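A.B. asks: In the UniProt record's numbering, the protein residues as written are 1 to 274. The beta carbon of each residue, even a glycine, is placed where N, CA and C say it ideally should be. Computed from a predicted model, the values in this text were never measured in an experiment.
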């Protein structure tokens with residue numbers, strides 16, 4: 001598998017092992033229905049844990065934490081995601097496409113989970129620019145998630161499956177009922193021009209990834225070059241940890257009943273005279 005020029009020139013500071021979501025509350029294991037009227041928020045505002053109807057917000061947060069842990073356990077290749085610091089219903093992420101027509105593409109996205117979760121429809125997934133793809137809207141950059149999840153079913157469908165679906169669309173192109181008819185027609189009738197358009201999209205993605213995220217979310221993922229000093233310090237720490245682990249594994253785990261450097265066993269007389 002070939003490495004992308006971007007990854008060949010720069011060491012990326014995003015780790016594939018994602019940090020867990022922390023909360024200061026003890027989460028209830030069963031849902032509790034709340035009777036207060038739902039708070040409303042504008043289309044431009046970010047959903048918050050307080051603007052929810054139907055379930056105790058702590059229960060919802062607990063469920064989202066469980067979903068995120070499942071994402072970590074799946075270790076989806078090339079997909080990096082982090083819940084927003086501003087709302088647990090918004091996850092920021094990147095996908096690195098490592099082969100196929102979209103190889104070398106680095107696409108930033110935002111996944112928004114309905115605030116009626118877990119009794120909700122499928123999440124919305126929006127790319128930071130309109131990728132040239134049959135099932136991505138050519139103006140808004142929205143992905144047709146419903147194509148993969150026509151009916152979102154609680155306890156059957158999970159957020160990690162949405163991320164798997166996002167990854168799969170770049171490797172297996174579906175042109176049925178397209179959102180971008182031009183992309184679908186070119187894929188079926190003029191592959192050379194389709195590849196040219198995709199190459200332009202990949203180029204835009206590599207330029208956009210160098211820019212800071214437009215969101216003011218402190219947890220929004222950002223990719224930056226790793227300077228040599230930082231790299232050397234990280235390398236030094238990793239080597240030190242490796243040596244420490246090796247020394248620890250070689251250390252005796254209990255008392256020895258043998259004389260050092262020999263196979264002679266300690267006797268009671270030896271112990272008494274010692």
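What's the call for residue 133, buried or exposed, on a 16-neighbour Cβ count within 10 Å?
C.D. replies: Residue 133 comes out buried.
A.B. asks: On the three-state DSSP scale, how would you describe residue 174?
C.D. replies: Reduced to three states, the DSSP call for residue 174 is coil.
A.B. asks: Exposed or buried, which one is residue 108 when buried takes at least 16 other CB atoms within 10 Å?
C.D. replies: Classification of residue 108: buried, given that the 10 Å Cβ count is 16 or more.
A.B. asks: For residue 277 and residue 101, what's the separation of their Cα atoms in angstroms?
C.D. replies: Outside the displayed span of the chain (1 to 274) sits residue 277, for which this structure offers no information.
A.B. asks: Could you name the residues that DSSP lists as bridge partners for residue 107?
C.D. replies: Answer is 95, bridged to residue 107.
A.B. asks: If contacts are defined as beta-carbon pairs under 8 angstroms, then residue 152 and residue 121 qualify, I think. What distance do you get, rounded to the angstrom?
C.D. replies: Indeed, because the Cβ distance is near 5 angstroms, the residues count as touching under 8 angstroms.
A.B. asks: So, does the segment 161-176 touch the segment 71-83, judging by three or more C-beta pairs under 8 angstroms?
C.D. replies: Yes: the two stretches touch, three or more of their Cβ pairs being nearer than 8 angstroms.
A.B. asks: Counting C-beta neighbours from all protein chains within 10 Å, is the total for residue 177 16 or more, i.e. buried, or is it exposed?
C.D. replies: It counts as exposed.
A.B. asks: Taking the continuous beta strand (DSSP E) assigned at residue 80, which residues delimit it?
C.D. replies: Where residue 80 is concerned, the enclosing beta strand (DSSP E) stretches over 79-83.
A.B. asks: If you reduce the DSSP assignment to three classes, tell me which class residue 116 lands in.
C.D. replies: Residue 116: coil per DSSP, three-state reduction.
A.B. asks: Assuming residue 221 contacts residue 94 (C-beta within less than 8 angstroms), just tell me the rounded distance between them.
C.D. replies: Contact flag correct, Cβ pair sits at about 6 angstroms.
A.B. asks: Which residue wins for smallest C-alpha separation from residue 105, given the options 187, 68 and 171?
C.D. replies: Answer by Cα proximity: 171.
A.B. asks: Which residue marks the beginning of the alpha helix (DSSP H) containing residue 127, and which one marks its end?
C.D. replies: It is not in any alpha helix (DSSP H) - residue 127 instead sits in the beta strand (DSSP E) that spans 124-127.
A.B. asks: With burial defined as no fewer than 16 other Cβ atoms inside 10 Å of the residue's Cβ, what is the status of residue 155: buried or exposed?
C.D. replies: Counting Cβ neighbours within 10 Å, residue 155 comes out exposed, since fewer than 16 surround it.
A.B. asks: Measuring alpha carbon to alpha carbon, tell me which of 117, 85, 79 and 112 ends up nearest residue 63.
C.D. replies: Comparing Cα-Cα distances from residue 63 to each of 117, 85, 79 and 112, the minimum goes to 117.
A.B. asks: I need the DSSP call for residue 50, collapsed to helix, strand or coil.
C.D. replies: The predicted position of residue 50 is uncertain, since its pLDDT is 47 and thus under 50; a value taken from the coordinates is nonetheless stated next. Of the three classes helix, strand and coil, the one that applies to residue 50 here is coil, per DSSP.
A.B. asks: I'd like to know if the segment 212-220 and the segment 186-202 are in contact, where contact means that at least 3 CB-CB pairs between them fall below 8 angstroms.
C.D. replies: Counting Cβ pairs under 8 angstroms, fewer than three are found: no touch.
A.B. asks: Under three-state DSSP, which class holds residue 280?
C.D. replies: Since the first and last residues shown for the chain are 1 and 274, residue 280 lies out of range.
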